[in-house]
Amino acid sequence: MMESGKKKQIDELLVEGAFITPEQLEAAREAAKHSNRDLKEVLLEQRLITEETLATVLSFQLNVPGVDLKQAQVQAAALALIPEEVAREHNVLPLSVDGDTLMVAMEDPDNLQLLDTLAVLTKKRIKPVIPLHGGIRETIDTQYKLTTQIEKEIKQLLSTARGTVVSEPLLTLEAVSHAPVVRAVEMLLTQAVKDRASDVHIVPQEEDVKIRYRIDGVLHDIVSLPHEVHSALLTRIKVLANMNIAERRRAQDGQFSATIANRDVDFRVATMGTNHGEMAVLRVLDKSLSLLELTEVGMSPHVLETYQKAIESPFGMILISGPTGSGKTTTLYASVSRLNAKELNIMTIEDPIEYEFKGIRQIQVNRPAEITFVSGLRAIMRLDPDVILVGEIRDAETANVAITAALTGHLVLSSIHANDASGAIVRLLDFGVEHFLVTSAVIAGMSQRLLRKVCPYCREMKEAFVVEAMAYQREMGEEKTHFAYGTGCSFCSHTGFLGRTGVFEMVPMTDTIREMVNRGLGAIEIREQAIKEGLVTMRRDGMLKVKEGITTPREVIRNVFTIG
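In this text, residue positions in the sequence shown follow our numbering: the first is 2, and each later residue adds one.
Here is the structure:
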């Protein structure tokens, strides 16, 4: 037990509390002295103590309260007192305001200069607290929302639109040249990037305009705006994407790039007229995010080993199936990045190019320039490729050209729309490809889905609903009543989930399955044979991840339980 004593040095308290031994302390002191570094930094680097231990002892030493940020309720009024850039620069987080006192989480509450700076900035008395589990920077990311500022900009836009009748929409170029709408759109996009959104939806309704973000595959309502600003918002986005601002009924596509929070981000824009006005969806492609390795996408060890052997084949075709947004492109990119671009001529035809590779030749589909999947693929075949990535096989012509490429000494990787791995193989037959060509060219079919991962910061074992426990038992053949769930915290925006992982199934073209395809048997029969040969279905792969505490039974049911 540590004796009370604020005067004691933190290293003394660590020894007194039996967190480290005197010998470990002495060795760390020597290392700190020789490297001219802080003792605490050395102790952490050598894993003699944890961040949590350090925070606990520091809290005791300075007599400063500790706080668990994942459970802390952060007041918007407190956030408004310290700008985000200041919070990031000094690694502090305002938590709450009580009269003239502002509670601030900070890692070094003994920094008097910083306390004075914050007091002058906020005109409040600063009450420091220490985050016991760290996470200041992560909480800054989740707590500093721009929705309040967006609403302010919209109000200013409404008030400055002189002569505009309230029942009329704010019109086009003059309105969108005003700073408020420019800033509002910029804030919407910035918040989307900060929230890890894959898509931004601008949805006009009868009385207002809903802004929604798709985060980890699920749509979330972010803010509601007055219907009067709908035209100004859409026009601003169309101007950015070089689209026709006068056309409001027909579907349009466009794109633009922006630098947001020091990140290079591409936005793909699609618009379409609806019964309450024009809707827009912006796909967010954050180019600053590093590509996942094949070992990181969620494949089980067996599937990973089989798949890696498949992509090392000198020729043939590998198909990945799944609905839109199931992670097919991520897997294809991870596959290409694993191959040695120095020794191979790797080329792609994509719509769109979502990530640029060094050392790989990528071609963008451009219909006005008559570059389609088919024409691009034919052109690539004349450029001596070793590996060809085809973004998607959408029609019979693309399917036949891709098969030809696979049979003439090229490894072809592509995606295709099918329900499962066996369906990916049979889908080529639906496009009119001859049975013997499919069995000669295809190496394997794979299918995948994405499941949300339980937030590691608020994960708890809880009793499941009966339907979830029954689903697990039916698939796994064992009873289990308690599973990992996220209770909701500031790190996951109180959703209980943070990030996603893939679930996979893979059907190699074995001799038996080759014979079944040549006989014209369907996807169901092929799937049954694949299971006999050891196929781990997506449903089972999902439940195995439930068993490991990675995801929840509900996520498996929601995403893959309809797949047999």
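The beta carbon of each residue, even a glycine, is placed where N, CA and C say it ideally should be.
Considering only their Cβ atoms, is the gap separating V388 from I347 smaller than 7 angstroms?
yes
Consult DSSP for L171 and reduce its assignment to one of helix, strand or coil.
Its pLDDT being 44, under 50, L171 is placed unreliably in this model, and the coordinates cannot settle the point.
Does the distance from the C-beta atom of L116 to that of I127 stay below 7 angstroms?
yes
K125, DSSP secondary structure in three states:
Taken through DSSP and simplified to helix, strand or coil, K125 comes out as coil.
Exposure label - E516; buried when at least 16 CB within 10 Å
exposed
Please report the straight-line C-alpha distance between T165 and R284, rounded to a whole angstrom.
Residue confidence is low: T165 scores 47 on pLDDT, short of 50, so the model does not pin down where it sits. Its coordinate-derived value is still stated next. Computed Cα separation, rounded: 32 angstroms.
Extent of the continuous alpha helix (DSSP H) to which D142 belongs
I137 to Q144
Below 8 angstroms CB to CB, which residues in the same chain sit around K359 once its five sequence neighbours on both sides are set aside?
Contacts found: A342.
Let me confirm a value: M107 is counted as buried when at least 16 other C-beta atoms fall within 10 Å, else exposed. Which label applies?
buried
Would you identify the three-state DSSP class for I83, choosing helix, strand or coil?
coil
Going straight from the alpha carbon of G550 to that of A485, what length do you get?
5 angstroms
For the segment 243-329, list the alpha helix (DSSP H) runs that are entirely contained and at least 4 residues long, ordered along the chain.
302-312
Who pairs with V402 in a beta bridge, going by DSSP?
Bridge partners of V402: none, in fact.
State the Cα-Cα distance for the pair E461 and T123, rounded to the nearest angstrom.
37 angstroms
Mapping the DSSP letters down to three states, classify K343 as helix, strand or coil.
It is coil, neither helix nor strand.
Express the C-alpha separation of C459 and K71 in angstroms, rounding to a whole number.
7 angstroms
Secondary structure of Y334, DSSP reduced to three states:
Three-state result, Y334: helix.
Using the rule of at least 16 other Cβ atoms within 10 Å of the residue's Cβ for burial, across every protein chain shown, is R163 buried or exposed?
Unreliable positioning characterises R163 in this predicted model, as indicated by a pLDDT of 43, which lies under 50. The coordinate reading is nonetheless provided below. So R163 ends up on the exposed side.
With distances taken between CB atoms, is the gap from D200 to R215 smaller than 7 angstroms?
yes
Among D287, E306 and L286, which residue has its Cα nearest to the Cα of L295?
E306
Short check: CB of G487 to CB of G497, under 7 angstroms?
yes
Given Q256 as reference, the closest of K146, A311, G535 and A281 once Cα atoms are compared
Of the residues K146, A311, G535 and A281, the one whose Cα lies closest to the Cα of Q256 is A281.
Spatial neighbours of M300 in its chain, beta-carbon cut-off 8 angstroms, leaving aside the 5 residues before and after:
Y308, G503 and F505
Roughly how many angstroms separate the alpha carbons of N64 and P110, rounded to a whole number?
10 angstroms
Going by the CB atoms, is the gap between A242 and V270 shorter than 7 angstroms?
yes
Which of the three DSSP states, helix, strand or coil, is assigned to T57?
helix
Which listed residue (L451, V455 and A247) has its alpha carbon closest to that of N560
L451
Along the chain, where does the beta strand (DSSP E) that runs through Y214 open and close?
D209 to I216
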